[in-house]
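Chemist:
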Amino acid sequence: MNMEINPSEYKILIVDDVMSNVLLLKVLLTNEKFAIATANNGRQALEQVDKEHPDLVLLDVMMPDLSGFEVAQRLKSNPDTADIPIIFLTALNSTTDIVKGFQAGASDFISKPFNKEELIIRVTHQVSLVAAKRIILNKTEELQRIIAGRDKLYSVIAHDLRSPMGSIKMVLNMLMLNLPVEKIGGEMYELLTMANRTTEDVFSLLDNLLKWTKSQIGNLNVVYQDVDAVEVVDSVIDVFNMVAGLKKITIREEKPEKLPVCTDIDMLKTIIRNLLSNAIKFSNENSEVLVKMEEQGDTVVVSVKDSGCGIDEEGQQKLLHTDTHFSTFGTNNEEGSGLGLLLCQDFAVKSGGKLWFTSKKGEGSTFYFSIPLKK
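With the numbering used here as the guide, the letters of the sequence shown map in order to residues 560 to 934.
Here it is as structure tokens:
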């Protein structure tokens, strides 16, 4: 490993019952600028580890009170010291000892009498592994802080923007209802329609962003209640009839009378809302979107089918993966964030079901999701 390490930042504990060995090792390693602690027997070694918190232990195998193997086993069985690497110093070159040493948790062996260069290379190697581990730990902590900050930011953005966007949305809805084409002329009406649609999109994006963040941070309160899936889906379709109407698209339903489920209503609505919004976005004018609900075994399967632009093979591979965050343009060049589908997938899984799709470029897509049927 070509890591630049500063030896003075690392402490090595030398443990040997022969004083001359301790001194020799101490001189060799002090010359290399390592910080040193020493112990003359096994018990002292354990005390020194507690007191000095070394980064590496050089441990003689043959000692009168506790053997090196026993010391190693004690260090490895204590969570506080288990990560400290141990290099055994041994006059024995027998394979059984080496195997026993590795079983006791050795990182390496150095045989006596020492070869100075070998000793330094082996020690430096272990220390550089410790250094690398430290860097990884620091980076991990730093990353966790960054992620927590980012999630907080998302949450604030989505939360604080939601109410002003909601107000704008209501104002535009009112204007749409009270200003007919005859009154304001075609061009103005078209602008108003566009503003209305954009606001709806932004509002649902913020809503998705808020829900996605909460779901990822684990702050999402899931409330299961007994509902009729047909009723919930119908209520979402009612809202979308106007949006679909603007693009001359009909939403058709195939459904039974009732489908009892026990689920989180908000999650169910979010999934339907996103799938319908996508279907309308990717449909051509004067086409229909089919929403189908049926029992399949012990699940309720809801599907939303459009005959719009479809998704090519490559796009299909990338869809539903957080890392690729794939999105395409709708038939009016409406842009998608790809977040909606990730959220649908997340919610479908949290509701005890799954989300899947079939699509053909140029022919349209069908998105399905399942939730458990309430018996």
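All C-beta atoms in this analysis are idealised placements derived from N, C-alpha and C, irrespective of residue type, glycine included.
1) So, is isoleucine 694 buried or exposed, given that buried needs 16 or more other C-beta atoms within 10 angstroms?
2) Using the beta-carbon count (16 or more within 10 Å), is threonine 829 buried or exposed?
3) Going by the CB atoms, is the gap between lysine 817 and glutamate 844 shorter than 7 Å?
4) Near arginine 718, which residues of its chain fall below 7 Å by C-beta distance, leaving aside the five closest residues on each side in sequence?
5) Return the CA-CA distance between aspartate 667 and isoleucine 657, expressed in angstroms with no decimal places.
6) Sort Lys659, Glu701, Phe647 and Phe916 by Cα distance to arginine 681 and report the nearest one.
7) Less than 7 Å between the beta carbons of leucine 834 and valine 863, yes or no?
8) If asparagine 600 and aspartate 624 are in contact, beta carbons under 8 Å, what's the gap, nearest whole angstrom?
9) Around the C-beta of phenylalanine 888, are 16 or more other C-beta atoms found within 10 angstroms, so that it is buried, or is it exposed?
10) So, are the CB atoms of serine 918 and isoleucine 839 less than 7 Å apart?
11) DSSP state of aspartate 667, grouped into three classes?
12) Answer yes or no: do valine 686 and isoleucine 564 have a C-beta to C-beta separation smaller than 7 Å?
13) Suppose the cutoff is 6 Å on Cβ atoms and the five residues either side in sequence are ignored; what does the same chain contact list for glutamate 746 look like?
14) Could you check which residue in Leu702, Gly725 and Leu736 has the C-alpha nearest to that of threonine 757?
15) Would you call the stretch 748 to 764 and the stretch 781 to 794 touching, i.e. three or more CB-CB distances under 8 Å?
16) Around the C-beta of glutamate 922, are 16 or more other C-beta atoms found within 10 angstroms, so that it is buried, or is it exposed?
17) DSSP beta-bridge partners for isoleucine 645?
18) Could you give the DSSP three-state label for lysine 934: helix, strand or coil?
19) For the stretch 830 to 887, list the alpha helix (DSSP H) runs that are entirely contained and at least 4 residues long, ordered along the chain.
20) Below 8 Å on the Cβ atoms is my contact criterion, and I expect lysine 570 with alanine 604 to pass it. Report the Cβ-Cβ distance as a whole number of Å.
21) Between which two residues does the beta strand (DSSP E) carrying leucine 736 extend?
22) Alpha carbon to alpha carbon, how far is lysine 698 from leucine 688?
23) Buried or exposed for methionine 729, going by 16 or more other Cβ atoms inside 10 Å?
24) If we count the other Cβ atoms within 10 Å of its Cβ and call it buried at 16 or more, is arginine 704 buried or exposed?
25) Run through DSSP, which three-state label would glycine 911 get?
26) Whole angstroms are fine: how far does the CA of leucine 678 sit from the CA of valine 908?
27) When the Cα of glycine 568 is compared with those of Ala690, Gly911 and Met733, which residue comes out closest?
28) Is glutamate 759 buried or exposed, if buried means 16 or more other CB atoms sit within 10 Å of its CB?
Modeler: The structure says:
1) exposed
2) buried
3) no
4) In the sequence on display, residue 718 carries histidine and not arginine. Leu769, listed in sequence order.
5) 9 Å
6) Phe647
7) yes
8) 5 Å
9) With a pLDDT of 48 at phenylalanine 888, under the threshold of 50, the predicted position of this residue should be treated as unreliable, though the coordinate-derived value follows. So phenylalanine 888 ends up on the exposed side.
10) no
11) strand
12) yes
13) none
14) Gly725
15) no
16) exposed
17) Val616
18) coil
19) 872 to 877
20) With 8 Å as the limit, lysine 570 and alanine 604 do not qualify as a contact, their Cβ atoms being about 14 Å apart.
21) No beta strand (DSSP E) holds leucine 736; the alpha helix (DSSP H) holding it covers 675 to 737.
22) 15 Å
23) exposed
24) exposed
25) coil
26) 55 Å
27) Per the sequence presented here, residue 568 reads as glutamate, with glycine not at that position. The option with the nearest alpha carbon to glutamate 568 is Ala690.
28) buried
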